[in-house]
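Trainee:
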Amino acid sequence: MSRDVNNKYWDEELETLPREELEKRQLEDLKEIVKFAYENAPYYKRSFDEADVKPEDIQTLEDIQKFPFIDKKTQRDTQGVGSFLGELAAVPEEDVVFISTSSGSTGVPTMSPFTKKDFDEFQDTESRWFWQVGMRPNDRYVHALNFSLYVGGPDVIGAQNLGALSIWGGTLPSERLLFVLKTYQPTVIWTSPSYAWQLGEKALKSGIDPKKDLNIKKIIVAGELGGSIDATRKSIEDLWGAEVYDFYGLSDIFGACAAMCEAKDGLHIAENHILVETVDLHTGEVLKPGEVGELVFTTLRKHARPLIRFRTGDIGWIDNTPCSCGRTHGRIHINGRKDDMFIVSAVNVFPSDIEAVIREISGITGEYLIRVFEKDFTCKYSVEIEKNADNPASDKEVSELVSAALKGRIGVKPYKVVVHPDGGLDTRSEHKSKRIIDERKLDYII
Ligand SMILES: [Zn+2]
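For what it's worth, the UniProt record's numbering labels the leading residue of the sequence shown as 1, then goes sequentially.
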């Protein structure tokens, strides 16, 4: 590895390209991929013809706005149609070396194919993120993500390519994982934010102080929003005595498409691979940088299955202003999943807003469960929390305090706040927690 370990950039030229130059490259790749998709993927041929658009219509980046959207449903409806890879695929099966699939938590799992070149560029991007958060060849890294079908699994190769000693942890039971952390003294780990918190707590309960007995300096988190919620991130940092960095991935694209830098103010997105748009949730109208809407991605260099104007279902905003780290690629800020958002008294509420409030209040454990339900044909939410064993306040006092804090931050009061004793909530599942229960009758949701 000939890279200078003191250089903060994995690929300095690419990461610090003036935006004008970056956008020029994006336009070249956009023209090429739209043409490639049109000529090789049956779905795009049909949908572009129906929308009366042609690859030659792309003369500027904004011209992408003339093209039709696709979404998860498009993927589901076209996979397996005509060929094993389906109508969105643009290469024959013999060119594909890897497929990942989505978890299927919101329907039939969708499959994402990669050519050898797609896969190598994916791993180079992952190396870039690892380097960005300070991983170097002398680090020992534990990849504690699921390896089965999941697009985040192969990211460990990005760490190996960087030169770090990599331990393929997968979804080891906590006891085994703690044994690995104690015995091999790794310096970097990647897991989900809820699991990072629970693992730290488990360590303490089994007599291991993560700050003194372990050597973890950096924790990468993804899969849930916690890493971008300041109070949650700081709680995990305090528990471990480590820096926490949020990564954002999509099963349809890369294990991580975007990652925090040392500024921890949004996540830099690989704009050399992804053209980002933000659109109005309901009208599809394109929004300006800084305006909150649904993130729409166009993959610029993935040939196995190009995604042209893919509606991600994630709500957020893009910031193209210069970052203090010197990188010129824009930063995304994610508010939450469109599917998890609910509307109470005309206010859009994301579970992450509630989490941010809960994690800042002292005297409660930080665990929570949100119930969304209907009463008198109106959407309501209630929150269940846990009171610390040594908190002298009554349940009623705690309930009122939390209710007022939620009203203050979000703008709408919860219907009720239920207080449980420490450990009374069953939310501490391993690796990924379920903290929202939607009890609304589906036929009332438009
Ligand atoms: Zn930065």
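Even for Gly, the Cβ is constructed at its ideal location relative to N, Cα and C.
With DSSP collapsed to three states, give me the class of residue 154.
Mentor: Residue 154 falls in the coil class under three-state DSSP.
Trainee: For residue 413, collect the residues of the same chain with a Cβ closer than 7 Å to its Cβ; drop the 5 residues on either side in sequence, then sort them by chain order.
Mentor: Cβ within range, chain order: 403, 406 and 407.
Trainee: Any heavy atom of ligand 3 inside 6 Å of the beta-carbon of residue 261?
Mentor: In terms of ligand content, the structure shown lacks ligand 3 and carries ligand 1 instead.
Trainee: Between residue 247 and residue 222, is the Cβ-Cβ spacing less than 7 Å?
Mentor: Going by C-beta atoms, residue 247 is nearer than 7 Å to residue 222.
Trainee: Could you please give the first and the last residue of the uninterrupted beta strand (DSSP E) stretch that includes residue 101?
Mentor: Taken as a continuous stretch (DSSP letters only), the beta strand (DSSP E) holding residue 101 covers 96-101.
Trainee: DSSP beta-bridge partners for residue 379?
Mentor: Residue 379 pairs with 374.
Trainee: Roughly how many whole angstroms lie between the Cα atoms of residue 183 and residue 217?
Mentor: Looking at the two C-alpha atoms, the distance is approximately 16 Å.
Trainee: Using CA atoms only, rank isn't needed, just tell me which of 4, 280 and 77 is closest to residue 65.
Mentor: Closest option to residue 65, Cα to Cα, is 280.
Trainee: Grab the span of the beta strand (DSSP E) containing residue 166 for me, first residue to last.
Mentor: Note, residue 166: beta strand (DSSP E), 165-167.
Trainee: Which same chain residues end up closer than 8 Å to residue 446 when comparing Cβ atoms and leaving out the 5 residues on each side of it in sequence?
Mentor: Its pLDDT being 35, under 50, residue 446 is placed unreliably by the model, and nothing is read from it.
Trainee: Near residue 351, which residues of its chain fall below 7 Å by C-beta distance, leaving aside the five closest residues on each side in sequence?
Mentor: Taken in chain order, the residues that qualify are 336, 340, 370, 435 and 436.
Trainee: Relative to the C-alpha of residue 214, which candidate in 189, 427, 314 and 95 has its C-alpha closest?
Mentor: Per the Cα distances, 189.
Trainee: Helix, strand or coil for residue 112? Go by DSSP, reduced to three states.
Mentor: Note: residue 112 maps to strand in three-state DSSP.
Trainee: With a threshold of 8 Å on Cβ separation, who are the neighbours of residue 51 within its own chain once the five nearest residues in sequence on each side are excluded?
Mentor: Hits under 8 Å: 66, 67 and 68.
Trainee: List the whole-angstrom C-beta distance separating residue 123 from residue 259, where the pair is believed to meet the contact cut-off of C-beta under 8 Å.
Mentor: That pair is no contact at about 14 Å.
Trainee: State the start and end residues of the unbroken beta strand (DSSP E) segment that holds residue 417.
Mentor: 417-421 is the span of the beta strand (DSSP E), which, as asked, contains residue 417.
Trainee: Tell me which same chain residues have a C-beta within less than 8 Å of the C-beta of residue 167, skipping the five on either side of it?
Mentor: Only 140, 141, 142, 143, 180, 184 and 186 meet the Cβ criterion.
Trainee: Can you tell me which residues form a DSSP beta bridge with residue 437?
Mentor: Answer is 371, bridged to residue 437.
Trainee: Do residue 31 and residue 70 have their C-beta atoms within less than 7 Å of each other?
Mentor: It is not a contact, given that the beta carbons lie outside the stated cut-off.
Trainee: Verify the contact flag: residue 128, CB atom, against every heavy atom of ligand 1, threshold strictly below 6 Å.
Mentor: Checking the Cβ of residue 128 against ligand 1 gives no.
Trainee: Distance cutoff 7 Å, beta carbons only. Does residue 231 sit that close to anything in chain B?
Mentor: The chain inventory of the structure shown lacks chain B, comprising one protein chain alone.
Trainee: Once DSSP output is grouped into helix, strand and coil, what is the label at residue 217?
Mentor: Residue 217: coil per DSSP, three-state reduction.
Trainee: Identify the continuous alpha helix (DSSP H) that holds residue 48 and give its terminal residues.
Mentor: Per DSSP, residue 48 belongs to the alpha helix (DSSP H) from 42-51.
Trainee: Does the contact criterion of 3 or more C-beta pairs under 8 Å hold for the region 198-209 versus the region 147-154?
Mentor: Contact fails: fewer than three Cβ-Cβ distances are below 8 Å.
Trainee: Taking the alpha-carbon positions, what's the residue 469 to residue 297 distance?
Mentor: This structure leaves residue 469 out entirely; the chain is present only between 1 and 446.
Trainee: Strictly by DSSP, which residues pair up with residue 159?
Mentor: Looking at the DSSP assignment, residue 159 forms no beta bridge with any residue, so it has no partner.
Trainee: With hydrogens ignored, establish whether the beta-carbon of residue 323 is closer than 6 Å to any heavy atom of ligand 1.
Mentor: It does: the Cβ of residue 323 is within 6 Å (strictly closer) of some heavy atom of ligand 1.
Trainee: From the DSSP output, in three-state form, read off residue 354 for me.
Mentor: If DSSP states are grouped into helix, strand and coil, residue 354 belongs with the helices.
Trainee: Under DSSP, the alpha helix (DSSP H) around residue 204 begins and ends at which residues?
Mentor: 193-205 is the extent of the alpha helix (DSSP H) around residue 204.
Trainee: Please state whether DSSP places residue 294 in a helix, a strand or coil.
Mentor: If DSSP states are grouped into helix, strand and coil, residue 294 belongs with the strands.
Trainee: Give the C-beta separation of residue 125 and residue 270 to the nearest angstrom, bearing in mind that I take them to be a contact with Cβ-Cβ under 8 Å.
Mentor: 5 Å between Cβ atoms; contact.
Trainee: Which term fits residue 380, buried or exposed, when burial requires 16 or more other beta carbons within 10 angstroms of its beta carbon?
Mentor: Buried, because 16 or more other Cβ atoms sit within 10 Å of the Cβ of residue 380.
Trainee: Mind reading off the beta-carbon distance from residue 96 to residue 109? Whole number of angstroms is fine, and I expect it under 8 Å.
Mentor: Actually they are not in contact, since the Cβ atoms of residue 96 and residue 109 sit about 17 Å apart, beyond 8 Å.
Trainee: Given residue 443, which residues of its chain have a CB within under 7 Å of its CB, disregarding the five upstream and five downstream residues?
Mentor: Confidence at residue 443 is low in this model, with a pLDDT of 45, below 50, so the placement of that residue should be treated as unreliable; the coordinate-derived value is given next. No residues qualify anywhere along the chain.
Trainee: Using only the heavy atoms of ligand 1, determine whether one of them is closer than 6 Å to the beta carbon of residue 327.
Mentor: Within the cutoff, so yes.
Trainee: Indicate the three-state DSSP secondary structure (helix, strand or coil) for residue 15 in the structure shown.
Mentor: Note: residue 15 maps to helix in three-state DSSP.
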